[in-house]
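S.K.:
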Amino acid sequence: MTEKVILLVEDNPDDEALMIRAFQRSKLANRIDVARDGAEALAYLVGPSARPMPTLVILDLKLPKVDGLEVLRRLRAEERTRTLPVVVLTSSREEQDLVESYRLGANSYVRKPVDFIQFADATQTLGLYWLVVNEPPPQKDRA
Amino acid sequence: MLSLASPTVVIPSAPALVARYRAASAAIGVLVSALGAAMLAGWTFGLQHLLHHGIGPLMKPNAAVCFILTGLSLVLACREGGARAPSAALAAAAALIGLATMAEWGTGIDLRFDELLFRDDTLAYTSVPGRIAPNTALAFALLGVALLLLPSGERLRLRIAQALAIAAMAIGAVACAGHLYGVSPLFAVARRTGMALPAAVGLVLLGAGVLLARPETGTSALLASGGAGGTLARWLLPVAAVVPALLALPGQAGVRAGILDQAYASALVTVGLTGVLAWVVLASARSLDARDEARRERERQVERLNAELQRRAIELSAVNKELEAFCYSVSHDLRAPLRSIDGFGQALVEDCEAVLPPVGVSHVGRIRAASQRMGHLIDDLLQLSRVTRVAMRREPVDVSTLAREIAAELSRGTPARKVTFEIEAGLAAQGDPGLLRLVLENLLGNAFKFTSKRASARIVVGGTTRDGLPAFFVRDDGAGFDMAYAGKLFGAFQRLHGAAEFGGTGIGLASAQRIVRRHGGEIWAEGAVEQGATFTFTLPARGQGEGEAT
Chain A
1 MTEKVILLVE
11 DNPDDEALMI
21 RAFQRSKLAN
31 RIDVARDGAE
41 ALAYLVGPSA
51 RPMPTLVILD
61 LKLPKVDGLE
71 VLRRLRAEER
81 TRTLPVVVLT
91 SSREEQDLVE
101 SYRLGANSYV
111 RKPVDFIQFA
121 DATQTLGLYW
131 LVVNEPPPQK
141 DRA
Chain B
1 MLSLASPTVV
11 IPSAPALVAR
21 YRAASAAIGV
31 LVSALGAAML
41 AGWTFGLQHL
51 LHHGIGPLMK
61 PNAAVCFILT
71 GLSLVLACRE
81 GGARAPSAAL
91 AAAAALIGLA
101 TMAEWGTGID
111 LRFDELLFRD
121 DTLAYTSVPG
131 RIAPNTALAF
141 ALLGVALLLL
151 PSGERLRLRI
161 AQALAIAAMA
171 IGAVACAGHL
181 YGVSPLFAVA
191 RRTGMALPAA
201 VGLVLLGAGV
211 LLARPETGTS
221 ALLASGGAGG
231 TLARWLLPVA
241 AVVPALLALP
251 GQAGVRAGIL
261 DQAYASALVT
271 VGLTGVLAWV
281 VLASARSLDA
291 RDEARRERER
301 QVERLNAELQ
311 RRAIELSAVN
321 KELEAFCYSV
331 SHDLRAPLRS
341 IDGFGQALVE
351 DCEAVLPPVG
361 VSHVGRIRAA
371 SQRMGHLIDD
381 LLQLSRVTRV
391 AMRREPVDVS
401 TLAREIAAEL
411 SRGTPARKVT
421 FEIEAGLAAQ
431 GDPGLLRLVL
441 ENLLGNAFKF
451 TSKRASARIV
461 VGGTTRDGLP
471 AFFVRDDGAG
481 FDMAYAGKLF
491 GAFQRLHGAA
501 EFGGTGIGLA
511 SAQRIVRRHG
521 GEIWAEGAVE
531 QGATFTFTLP
541 ARGQGEGEAT
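As they're listed, the protein sequences go chains A and B. For the first sequence, position 3 matches number 3 in the working numbering, and the numbering has no gaps at all. For the second sequence, position 316 matches number 316 in the working numbering, and the numbering has no gaps at all.
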């Protein structure tokens, strides 16, 4: 079985640390790659120097350079990443973000709670569902 | 081309003019009745010969009766809300006399009512003694029918009545002109059967009376109109009606006296008429120009105001966009540090358990609680700002169903509590379903919260009215509040209870108030300490109150 990698697109190092901490506590020993902005995420996923496809992308919306919604739009436009599971994980509760994310083809939308216990729960549930329960779409070039 | 019968633009009548025309119409009714009565008096006292040779022939007794009938009918028809039947009966009688007389002329059959009142020994203007002339009879038939149609407020009937009155006026006016110029074919049909001058004048007056009786409709509306056309009509019509006759009178007197010949008199009238008309036209043109200028000035003013309004609207929309961006940024950025405080606080407890004494753990607990509380405050503040930002819809909302759903959610949330919800069936409102749900969630949530210290509680949702507006109330029998602080209830972050007693951020009622106000309604609270609280809000239907348009 190949390793299931998570790509975390997150510019806030605190959130990144907390997320990795939550994954570790939930015994999900997956490798987590981090992209710090939208451009980095796109370079990772599409284009000439693309890395092997991750199993799941966790995407923040408010990002430097290229914002999350734009990243999502471009991923859905590419043949290679059209079916890649993308979970939007953001602070925003604005309806426009929610609607726009789903319209652009997000698989899920999760709001980051302030309470770390709830945050850890959410991360754990997400990881369990998308990495263990969910059957991912077949990828021709998965590493 | 100006069409009097069907003006394409209807400018509202000036109310003062309408009242004045009505009064004038009634006065005309009295006048022609008096004319008829005077004529009958002349016949009664045998003055017909004397008057005939003095100033001219009297009208026939039946014509005098017709004037009394139609005049009284007009007076009654002018009285607002008066009984219609008497007016109609009088009008019908006059019309009948007119029609019967026409039938006599048409068929040659004598119905034996021409000399019913008085024997006609003057033989003036008639080939049949005592019989009304055919043109007079026709005019009375027309006016009688017109007066019959008048009391019905229906537009078409009023139009017909006015057309008939105008026709009768024309008959009278032609006869007047005939008398003025001594041209008998204009007032007499057969050589010796014609309309007496008093009758001709009376008919013109009566026709005008019928027109003025309903100044809001049809042709008369133009005379009562508050617009420039109305002013023009009020100026020109009297001039057109009176001036030619006034100018002709002295000339014709001169012709009769043998001082002037007819052509000379006509030339003088023509010159005079031209002069008067030119003056009137210039005067009305000046008046119209002045009005026009005033209107243009008002238009310019409206344009200026409009431009100002547009500028403000653009400013406002820019401010709104900024606010939107600000809220978005608050939503994203203010929460992130809180997450770090909370998360790393927890990490501190977990990772440094060995070196952190219990009091340190307790401190971290307080730090975490505070950051979470701030998270809730930010959420509530955003919700409060959202209720004023979101576009509002207006549609029918089933308040009862909404309240029942919320009540069920609340009960499900805390199944251990014994709360009875009494929700009136069939409560309906007009408004934004999402926002109204928020109002009810806040009010019912409050009622639920502030009864939580009771063993059992009762929460009532019902409908009422306040100042004619539909209103809704939520009543509980919980902790209540001191009416002295009622004004503070709806302020953001205002709380009347300590956080330890009842939780909450103090945003709910502020949101509810903003939503209700956006709907053009009001919200208020009544209560007493430990005796429950009642929150009531009005929701005007569309068109009531000053509801927001968006």
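Just so you know, even glycine gets a beta-carbon here, dropped at the ideal spot from N, CA and C. In this text, all values refer to a predicted model and were calculated from it rather than measured experimentally.
Within 8 angstroms, do at least three Cβ pairs link the stretch 191 to 208 of chain B to the stretch 24 to 32 of chain B?
M.R.: Yes, the stretch 24 to 32 of chain B touches the stretch 191 to 208 of chain B.
S.K.: Just verifying my parser: in three-state terms, what is the DSSP assignment at Lys321(B)?
M.R.: It is helical.
S.K.: Can you pull the chain B neighbours of Phe116(A), defined as C-beta to C-beta under 7 angstroms?
M.R.: Chain B residues near Phe116(A): Asp342, Gly343, Gln346.
S.K.: Taking a cut of 7 angstroms between CB atoms, which residues from the stretch 1 to 22 of chain A lie near chain B?
M.R.: Within the stretch 1 to 22 of chain A, the qualifying residues are Asn12, Asp14, Asp15, Leu18, Arg21.
S.K.: Kindly indicate if chain B contains any beta-carbon less than 8 angstroms away from that of Arg36(A).
M.R.: Closer than 8 angstroms: no.
S.K.: Check Val145(B) in the structure and name its three-state DSSP category.
M.R.: Val145(B) falls in the helix class under three-state DSSP.
S.K.: Could you tell me which chain B residues have their CB closer than 7 angstroms to the CB of Lys62(A), listed as they occur along the chain?
M.R.: Near Lys62(A) (Cβ distances below 7 angstroms), the residues of chain B are His332.
S.K.: Considering only C-alpha positions, which residue in the set Ala93(B), Leu35(B), Leu58(B) is nearest to Trp43(B)?
M.R.: Taking only the C-alpha atoms, the option nearest Trp43(B) is Leu58(B).
S.K.: Going by C-alpha to C-alpha distance, which of Ile58(A), Ala39(A), Asp60(A), Leu59(A) sits closest to Ala50(A)?
M.R.: Minimum Cα distance to Ala50(A) is reached at Ala39(A).
S.K.: Would you say the stretch 328 to 348 of chain B touches the stretch 113 to 130 of chain A, given that touching needs at least three Cβ pairs under 8 angstroms?
M.R.: The stretch 328 to 348 of chain B, when compared against the stretch 113 to 130 of chain A, does touch it at the 8 angstroms Cβ threshold.
S.K.: Counting Cβ pairs closer than 8 angstroms, one from the stretch 136 to 154 of chain B and one from the stretch 91 to 107 of chain B, do we hit at least three?
M.R.: These segments touch.
S.K.: Give a yes or no on whether the C-beta atoms belonging to Leu148(B) and Ala91(B) are separated by under 8 angstroms.
M.R.: Their beta carbons are under 8 angstroms apart, which means Leu148(B) touches Ala91(B) by this criterion.
S.K.: May I have the straight-line CA-CA distance separating Arg311(B) from Glu324(B), to the nearest angstrom?
M.R.: Rounded to the nearest angstrom, the two C-alpha atoms are 20 angstroms apart.
S.K.: Going by DSSP, what residue range makes up the alpha helix (DSSP H) through Ser73(B)?
M.R.: That run of the alpha helix (DSSP H) goes 61 to 78.
S.K.: Ala510(B) and Gly491(B) - do their beta-carbons sit closer together than 8 angstroms?
M.R.: Yes, Cβ-Cβ distance for Gly491(B) and Ala510(B) is below 8 angstroms.
S.K.: Check Ser6(B) in the structure and name its three-state DSSP category.
M.R.: Bear in mind that a pLDDT of 47 at Ser6(B), under 50, signals an unreliable position, so the model cannot answer this.
S.K.: Using only the alpha-carbon positions, how far apart do Thr536(B) and Arg412(B) sit?
M.R.: Between Thr536(B) and Arg412(B), the C-alpha separation is close to 25 angstroms.
S.K.: Answer yes or no: do Arg36(A) and Asp379(B) have a C-beta to C-beta separation smaller than 8 angstroms?
M.R.: Not in contact: Arg36(A) and Asp379(B) (Cβ atoms no closer than 8 angstroms).
S.K.: Anyone know if the C-beta pair for Val162(A) and Ala43(A) falls short of 8 angstroms?
M.R.: Summary: the structure shown does not reach residue 162(A), with chain A confined to residues 1 through 143, and so no result is reported for it.
S.K.: Along the stretch 384 to 415 of chain B, where does the CB come closer than 9 angstroms to a CB of chain A? Name the residues.
M.R.: Within the stretch 384 to 415 of chain B, the qualifying residues are Arg386, Val390.
S.K.: With DSSP run on the structure shown, which of helix, strand or coil describes Gln430(B)?
M.R.: Strand.
S.K.: Give the straight-line distance between the Cα atoms of Ala257(B) and Gly182(B), rounded to the nearest whole angstrom.
M.R.: Cα to Cα, Ala257(B) sits roughly 13 angstroms from Gly182(B).
S.K.: Please give the ranges of any beta strand (DSSP E) in the stretch 384 to 458 of chain B, keeping only runs that are unbroken, at least 3 residues long and fully inside the region.
M.R.: Within the stretch 384 to 458 of chain B, the complete beta strand (DSSP E) runs of at least 3 residues are 395 to 398, 418 to 423, 428 to 431.
S.K.: Assuming Asn30(A) and Leu126(A) are in contact, meaning their beta carbons sit under 8 angstroms apart, how far apart are those beta carbons, in whole angstroms?
M.R.: Not confirmed; about 12 angstroms, so no contact.
S.K.: Could you check the C-alpha separation between Pro13(A) and Leu436(B) for me, to the nearest Å?
M.R.: Cα to Cα, the separation comes out at about 41 angstroms.
S.K.: Starting from Arg131(B), trace the beta strand (DSSP E) in both directions and tell me its first and last residue.
M.R.: Where Arg131(B) is concerned, there is no enclosing beta strand (DSSP E), given that its DSSP letter is neither H nor E.
S.K.: Select from Tyr485(B), Ala14(B), Ala457(B) the residue whose C-alpha is nearest the C-alpha of Ser220(B).
M.R.: Per the Cα distances, Ala14(B).
S.K.: Going along chain A, which residues have a C-beta under 8 angstroms from Gly375(B)?
M.R.: Result: Pro113, Val114, Asp115.
S.K.: To which residues of the same chain is Glu16(A) closer than 8 angstroms at the C-beta, ignoring the five residues directly before and after it?
M.R.: For Glu16(A), where only same-chain residues beyond five positions count, the Cβ hits under 8 angstroms are Leu8, Glu10, Val34.
S.K.: Just mark Lys62(A) as buried or exposed, buried being the case when its beta carbon has 16 or more other beta carbons within 10 Å.
M.R.: Buried, because 16 or more other Cβ atoms sit within 10 Å of the Cβ of Lys62(A).
S.K.: What residue range does the beta strand (DSSP E) around Ser108(A) cover?
M.R.: Run containing Ser108(A): 108 to 111, per the beta strand (DSSP E) assignment.
S.K.: Applying the 10 Å Cβ sphere with the 16-neighbour rule, what's the burial state of Arg286(B)?
M.R.: Exposed, since its Cβ has fewer than 16 Cβ neighbours within 10 Å.
S.K.: Along the stretch 86 to 101 of chain A, what residues have a CB closer than 9 angstroms to any CB found in chain B?
M.R.: Correct list: Thr90, Ser91, Ser92, Arg93, Glu94, Glu95, Gln96, Asp97.
S.K.: Going straight from the alpha carbon of Leu410(B) to that of Asp432(B), what length do you get?
M.R.: Going by the C-alpha atoms only, they are around 22 angstroms apart.
S.K.: Please classify Leu35(B) as buried or exposed, where buried requires at least 16 other C-beta atoms within 10 Å of its C-beta.
M.R.: Buried, because 16 or more other Cβ atoms sit within 10 Å of the Cβ of Leu35(B).
S.K.: Can you check DSSP and say which residues form a bridge with Thr536(B)?
M.R.: Answer is Phe473(B), Trp524(B), bridged to Thr536(B).
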